[in-house]
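Notes to accompany the following structure.
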Amino acid sequence: MRVERDMGKAAAVRPAHRVARWDREADVVIVGLGAAGACAAVEAAEAGAEVLVLERASGGGGTSALSTGQIYLGGGTPIQQACGFEDSPEEMFKYLMASCGPGPDEAKIRLYCDGSVAHFHWLVALGVPFKPTFYGDGSYTPTDDCLSFSGSELAYPYRDLARPAPRGHTVQHPSIEAGAVLMQRLLAAVERTTAAVQADALVQTLVVDDGRVVGLVARVDGREQVIRARGVILTAGGFINNRAMVDRYAPLLRKCRFRAACDGDDGRGIRMGMGAGGAAIRMDVGCIVLPFTVPKVLMKGILVNRRGMRFINEDVYQTVVGEAALLREGGEVFLITDNETFARPFAPAEIAAVEDTVADLERALGMPSGSLQHTVAVHNEHAARGEDPLFHKAAEYLAPLVHPPFAALDYTTRNSLYTVFTLGGLHTLPTGEVLTPDGEVVPGLWAAGRTTSGLAAQGYSSGLSLADATFFGRLAGRTAASRDAA
Ligand SMILES: Cc1cc2nc3c(=O)[nH]c(=O)nc-3n(C[C@H](O)[C@H](O)[C@H](O)COP(=O)(O)OP(=O)(O)OC[C@H]3O[C@@H](n4cnc5c(N)ncnc54)[C@H](O)[C@@H]3O)c2cc1C
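In this text, residue positions in the sequence shown follow the working numbering: the first is 3, and each later residue adds one.
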């Protein structure tokens, strides 16, 4: 995976008066052909606009094609109904408002919850396959099943704030590579429209005339082209592969060993938007996955920090655990198990220590004397009654840790596989219009997908990124295509 080491010059705009000639022109020019770009292209073309999509790689797909193809959808989709789960836009709204914060974008969440069932039908009409089956063994489906709990719906406090329903909808595929199927179908849908796609076209900077974005500069097959546009939509992914940007905006994310991204996630789209006057928000936020929950018996263990103290209910979704472990505990955490709760973890994790007593384990881990012993004793006392007064872990995952030997699985960032991509980006209206720091619209500029800050301000549930990309990509395409757009 190639990593850009400098910030580049993408934020420097080219003033229109310095454009000697325009090489090409379109109503709507879209930068990047992942899920967001494809959905924007379909909608803009169907609204009657002349659309040109520029993609820096030799073909469309982006990170979307590498993904596991899970989309957070709900409010009563046909799949939820077929699998016997009751849901409504209101319950989905309550869950997302509670879990995607602090400070989630209420307007986006409201629109998404109200439009989620229709969005499901739109994807199906484009040929995206979903099998009406439920997978109950975890959030990711290693089978071709569709529906799963892909967030913290069943965990405290969310289970008390909204009626739990599974909302992870994975595109039908026999293994975890369902993102490839999603993108095949979306790219085929783009081909059926009048939208033109130009691959090997690296967009470098925007052209601005008196504050309005009127075009862009791209290197197409190695030669510079200046392209005029009535509207530009930035759908160029996030910035986890730009080391300088991560160092500046989200330095803790550097500790994660696996970047869930493609080469294009170098932040260029965000920087171009900033150059044209757009505000970038929540730039320190990431989707941080700490994959420790498979097999499920491991959730009966307790996560502790370097001081031997628990810090979370272990049954919240693994991205919420990842955020807490990395951002609050500096990525220095261990999972304590006993002989009954131990199993080989699915994702690679080393065993930090195995001892016959908790006191020896505490010593082996270099924790303050008595700290881990106290934590385990308190946990055991309550777990024996099926209670967790400190963190409210669900009773089914509570077990006293009393059967030696005791083991500590090493979930420090050094020795386990924290996975990350960025969630911060351009501040947009739900329509995709890019906003300035003063909250005004940058005329002529739209953005969607990981180039923007979307549904999850924090507290990511799996599927929300493809939700951002597909749903808000569509809205950006439709709005940019409308003749009376700003
Ligand atoms: C292994 C893995 C599993 C994942 N699983 C899920 C999941 O199940 N559910 C989920 O919601 N999310 C998942 N994600 C995250 C999700 O895939 C991405 O966040 C999402 O696909 C982003 O979509 P996008 O359209 O914004 O960007 P992308 O799909 O990355 O598309 C951006 C495109 O823009 C192009 N581009 C970039 N810069 C330029 C430029 N300057 N000029 C021209 N083109 C440019 C890129 O080449 C790329 O093709 C996963 C990610 C990974 C890696």
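Glycine included, each C-beta is placed from N, C-alpha and C at the ideal position.
Keep in mind the model is a prediction, meaning the values are calculated, not measured.
Can you name, in chain order, every residue of its own chain whose Cβ lies under 8 Å from the Cβ of residue i, other than the five neighbours on each side?
i	result
threonine 353	For clarity, residue 353 is isoleucine in the given sequence; the question names threonine instead. Same-chain partners within the cutoff: Ala409, Ala410, Leu411, Asp412.
alanine 109	Leu431, Pro432
Which residues in the same chain have their Cβ closer than 7 Å to the Cβ of residue i, if we skip the five residues on either side of it in sequence?
i	result
alanine 84	Pro134
arginine 324	Correcting the residue identity first, residue 324 is glycine in this sequence and not arginine. If we look at glycine 324 and ignore the five residues flanking it on each side, its Cβ neighbours are Ile290, Val291, Leu292, Tyr420.
alanine 12	Gln206, Thr207, Arg270, Arg273, Met274, Gly277
glutamate 334	Asn307, Arg308, Thr414
alanine 51	Asp29, Val30, Ala483
arginine 214	Pro445, Gly446
tyrosine 114	Leu457, Ala469, Phe473
Which stretch, first to last residue, makes up the alpha helix (DSSP H) that contains residue i?
i	result
glutamate 357	That residue, glutamate 357, is in no alpha helix (DSSP H); its beta strand (DSSP E) goes 352–357.
tyrosine 251	245–251
glutamine 320	320–325
asparagine 382	373–385
Just the C-alpha distance for residue i and residue j, rounded to the nearest angstrom, thanks.
i	j	result
arginine 280	aspartate 211	Per the sequence presented here, residue 280 reads as glycine, with arginine not at that position. Glycine 280 and aspartate 211: Cα-Cα distance of roughly 15 Å.
methionine 185	glycine 138	26 Å
glutamine 2	valine 234	With the chain running from 3 to 488 in the structure shown, residue 2 is simply not present.
leucine 329	glycine 64	28 Å
alanine 252	phenylalanine 241	10 Å
alanine 327	serine 464	18 Å
alanine 198	valine 53	6 Å
threonine 343	proline 407	11 Å
glycine 195	alanine 47	Before going on, a small fix: residue 195 reads as threonine here, not glycine. Between threonine 195 and alanine 47, the C-alpha separation is close to 6 Å.
aspartate 202	arginine 221	8 Å
threonine 339	leucine 431	46 Å
threonine 79	glutamine 72	14 Å
leucine 188	glycine 34	13 Å
asparagine 382	tyrosine 158	19 Å
arginine 169	alanine 361	42 Å
valine 126	alanine 120	10 Å
alanine 386	phenylalanine 474	47 Å
aspartate 89	cysteine 102	18 Å
valine 380	valine 31	60 Å
alanine 349	aspartate 25	50 Å
glycine 140	leucine 128	28 Å
histidine 123	leucine 75	11 Å
valine 216	alanine 483	14 Å
valine 287	glycine 266	19 Å
proline 131	methionine 311	45 Å
glutamate 193	leucine 56	14 Å
tyrosine 319	valine 219	42 Å
alanine 14	histidine 171	40 Å
methionine 3	arginine 58	Residue confidence is low: methionine 3 scores 34 on pLDDT, short of 50, so the model does not pin down where it sits. Its coordinate-derived value is still stated next. One C-alpha to the other measures close to 16 Å.
leucine 300	arginine 284	32 Å
By the DSSP assignment, the beta strand (DSSP E) with residue i in it spans what residues?
i	result
cysteine 289	288–291
leucine 447	443–449
tyrosine 74	72–74
histidine 123	No beta strand (DSSP E) holds histidine 123; the alpha helix (DSSP H) holding it covers 108–127.
threonine 424	421–424
arginine 161	Unbroken run through arginine 161 is the alpha helix (DSSP H), 160–163; no beta strand (DSSP E).
isoleucine 235	225–236
phenylalanine 336	335–339
aspartate 1	The chain is shown from 3 up to 488; residue 1 falls before or after that span and cannot be answered.
alanine 182	Careful: alanine 182 lies outside any beta strand (DSSP E), inside the alpha helix (DSSP H) at 180–194.
glutamine 83	No beta strand (DSSP E) contains glutamine 83, which is instead part of the alpha helix (DSSP H) from 80–84.
aspartate 211	203–211
Does ligand 1 have even one heavy atom less than 8 Å from the beta-carbon of residue i?
i	result
arginine 259	no
glycine 71	yes
aspartate 267	yes
glutamate 325	no
alanine 191	no
glutamine 206	yes
cysteine 264	yes
leucine 58	Correcting the residue identity first, residue 58 is arginine in this sequence and not leucine. Yes; taking the cut-off as 8 Å, the Cβ of arginine 58 has a heavy atom of ligand 1 nearer than that.
valine 137	Checking the sequence shown, residue 137 turns out to be tyrosine, not valine. No, Cβ of tyrosine 137 sits at least 8 Å from all heavy atoms of ligand 1.
valine 33	yes
tyrosine 74	yes
serine 464	yes
Within the same chain, show all residues whose beta-carbon is closer than 6 Å to that of residue i, passing over the 5 residues directly before and after it, in chain order.
i	result
threonine 433	Leu477, Thr481
threonine 472	Ala37, Cys41
glutamate 6	Note on glutamate 6: pLDDT 42, under 50, position unreliable in the model; the coordinate value appears next. Asn244, Asp268, listed in sequence order.
serine 118	Leu75, Gly76, Gly77
alanine 262	Thr421, Phe423
alanine 396	Asp317
I want to see whether chain C comes within less than 9 Å of residue i, judged by CB atoms only; does it?
i	result
tyrosine 413	In the structure shown, chain C cannot be found, because there is only a single protein chain.
Could you check if residue i belongs to the surroundings of ligand 2, using beta carbon to heavy atom distance under 8 Å?
i	result
phenylalanine 423	Looking for ligand 2 in the displayed structure turns up nothing; the ligands present are ligand 1.
I'd like to know if the stretch 15–23 and the stretch 447–458 are in contact, where contact means that at least 3 CB-CB pairs between them fall below 8 Å. no
With contact counted as at least three CB pairs below 8 Å, one residue from each stretch, are the stretch 137–151 and the stretch 164–178 in contact? yes
Are three or more beta carbon pairs between the stretch 439–448 and the stretch 367–379 nearer than 8 Å? no
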